[in-house]
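Have a look at the structure below before the remarks.
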Amino acid sequence: MKNELMQRLRLKYPPPDGYCRWGRIQDVSATLLNAWLPGVFMGELCCIKPGEELAEVVGINGSKALLSPFTSTIGLHCGQQVMALRRRHQVPVGEALLGRVIDGFGRPLDGRELPDVCWKDYDAMPPPAMVRQPITQPLMTGIRAIDSVATCGEGQRGGDFFWLLAWGKATLLAMLCNAPDADSNVLVLIGERGREVREFIDFTLSEETRKRCVIVVATSDRPALERVRALFVATTIAEFFRDNGKRVVLLADSLTRYARAAREIALAARRDRGFWRISARRI
């Protein structure tokens, strides 16, 4: 009865614009935080005090919220204050991202700021079926085996390369980044080891290729939310170039590690394993 009365009062007298919702952490695990934080919505950003660690709402059960932190949960404890920020995570987009390396949340990893960028929600709705254009124009990759046997088209969603270790997947990705028909490339590396990422960027990709690439990196030692979010961030950046009339190639390595990170969050939240949908349906 008391909860129903409070809900009616909230609907009748909504909080002012400057109102902030506060709560406290009640449970800490390796992946998720359980907090008493009434009134939040799915996907809302929260700030953990007294520091500035960010977390995102991935589950709601009455007045309790499941939070997935952007960083490690080491050092967090029960009783810490949590402030709901009343906004969702946004991704930097713009021509200034070309030649840059960013993490799974869109933050620069090369030590430089991001000037002249716009901000977009990371989880845009996919276009309706009747708005999608038919695939009529071929996209030349510059790889004769692909162009002759498995020709790609503009707007097409490609398949996966199921290969073993040291079979040349990184070399093939670097070759695809040199596609002559593409104006720009967005490459997302999920779950790779940090040393392999550095070697791939410095030695496998040429300098000219890097200048027209946006590289999104979420290594294996990063939180599961960042490994999941990296694919959404890369897709949002690719959509920006597409909306500006550019021909862009989106490459992901790998979807398997994306699915594993999504399963890690879903199982920790006691949700179905399909809780995080594949963002490729937006393309």
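Each residue of the sequence shown is one higher than the one before, starting from 1 at the first, in our numbering. Quick reminder that beta carbons are idealized off the backbone N, C-alpha and C, glycines included. For clarity, every value in this text was computed on a predicted model and none was experimentally measured.
Item, Value
"Through-space distance from GLU154 to PRO108, alpha-carbon basis", "29 Å"
"GLY194 - DSSP class collapsed to helix/strand/coil", "helix"
"Contact set for LEU225: own chain, Cβ-Cβ below 6 Å, skip 5 residues either direction", "SER68"
"Cα-Cα separation between LEU114 and LEU255, rounded to whole angstroms", "27 Å"
"For ILE237, the first and last residue of its enclosing alpha helix (DSSP H)", "224-243"
"Paired residues, beta bridge with CYS325 - DSSP", "Coverage of the chain is limited to positions 1 through 283, which leaves residue 325 absent and any answer about it impossible."
"Closer than 7 Å: THR204 CB and nearest the ligand ZN heavy atom", "Inclusion of the ligand ZN in the displayed structure is not the case, the ligand content being empty and no account of it being possible."
"Pairwise C-alpha distance: ALA218 and VAL197", "10 Å"
"Nearest-angstrom Cβ-Cβ length linking ARG193 and SER220, presumed shorter than 8 Å", "6 Å"
"With 16 other Cβ atoms within 10 Å as the buried cut-off, status of PHE203", "exposed"
"Pick from GLY75, VAL28, THR236, GLY39 that is closest to LEU251, judged by C-alpha positions", "THR236"
"Sub-8 Å separation of PHE232 and VAL93 beta-carbons", "no"
"Closest by C-alpha distance to LEU205, when choosing among MET140, ASN61, THR171, ALA230", "THR171"
"Inter-residue spacing [alpha-carbon to alpha-carbon] between VAL228 and VAL248", "21 Å"
"Backbone CA spacing between GLU199 and ILE190 [nearest angstrom]", "15 Å"
"Which of helix, strand or coil DSSP assigns to ARG257", "helix"
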